[in-house]
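Take a look at the structure set out below.
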Amino acid sequence: MDGTVERYKARLVAKGFTHTYGVDYHDTFAPVAKMNTVKSPRAWFGRITTAMKKFSYQQANTDHTLFIKHRAGKVTLLIIYVDDMIVTGDDTAKIEELQKCLASEFEIKDLGSLKYFLGVEVTRSKHGLFLSQRKYVMDLLADTGMLDCKPADTPIVENHKLGVYVDQVLTNKERYQKLVRRFIYLSLTRPDIAYAVSVASQFMHSPSDDHMAAVMRI
């Protein structure tokens, strides 16, 4: 945090034409993407997969982004999402070895103990690991204008009568679907809302005001 540049990144901005010169940007340029650019994610994953197999790691059948190695009753795992990785397990020696192997093949940065990954915050204590999505929830509340809302006792009304009816008043379908998708991801660390979210997801094709009210209750 001394003000020096750590690394450079590029970002594709949708609808950049809405930005105001002098406010949102100062310099302009218009590079043209190559046709083979869309193949780069696949090429990158193929590259990391080849490397992990060279390191004698097995690719999981249920999740191809997970690589596993067993040794003397211990296990080492690596899971990857684009270019973010988690290395974990109970074999300290193999974890250190894998980090060195990856550094020999790629330009990587060790961020230390896992604290945040894909919107999930990780906290360690003597009792184990605690996973939460507090920032994710706060962003969700801010986006929906519900930071000052009064929490409900339960995620969904008991013996609810949600369904599809002829006289129902339709709501904003796009907004409804977006909220439900965000709640589906939130349920990864909040299993208490899983049932309510599963009910709400049944009406993605034709949501009504009643369905939206149920989603806002979650």
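Just so we're aligned, residue 1 is where the sequence shown starts under the UniProt record's numbering, counting upward by one.
By construction, the Cβ of each residue, glycine as well, lies at the ideal position given by its N, Cα and C atoms.
The C-beta of Q202 has fewer than 16 other C-beta atoms within 10 Å across all chains shown, which makes the residue exposed. Under the three-state reduction of DSSP, D84 is assigned to strand. The C-beta distance from K94 to T76 rounds to 4 Å, short enough to fall under 8 Å.
H205 sits in coil when the DSSP states are folded into three classes, being neither helix nor strand. One alpha carbon belongs to L114, the other to F130, and they sit about 11 Å apart. Taken in chain order, the whole alpha helix (DSSP H) runs of length 4 or more contained in the segment 105–169 are 134–143. Boundaries around L186 are those of the alpha helix (DSSP H), 173–186, since no beta strand (DSSP E) includes it. Non-local C-beta neighbours of A51 in its own chain, meaning closer than 6 Å and more than five positions away in sequence, comprise E105, ordered along the chain. Looking at the DSSP output, Q59 sits in a beta bridge with F67. Relative to the Cα of R71, the nearest Cα in the group D90, S132, S187, A14 belongs to D90. Here I108 is exposed, its C-beta having fewer than 16 other C-beta atoms within 10 Å. Counted as a single uninterrupted DSSP element, the stretch harbouring I218 is not any alpha helix (DSSP H), since DSSP gives it neither H nor E. When the beta-carbon positions are compared, S187 and V197 come within less than 7 Å of each other.
Comparing alpha carbon positions, the residue from Y81, K54, K74, D167 closest to D63 is Y81.
Within the DSSP secondary-structure output, I79 pairs in a beta bridge with L66, I86. As a beta-bridge residue in DSSP terms, K74 pairs with R71. Excluding the 5 residues flanking it on each side, D110 has same chain C-beta neighbours closer than 7 Å at Q99, in chain order.
Note on geometry: alpha-carbon atoms of H160 and Q133 lie some 27 Å from one another.
When DSSP states are grouped into helix, strand and coil, R11 belongs to the coil group. Take Q58, set aside five residues on each side of it, and the residues of its chain with a beta-carbon closer than 8 Å to its own are F67, I68, K69, in chain order. The three-state reading of DSSP puts R190 in coil, since its state is none of H, G, I, E or B. Boundaries of the alpha helix (DSSP H) around T50: 40–54. If you draw a straight line from the Cα of V215 to the Cα of A200, it comes to about 7 Å.
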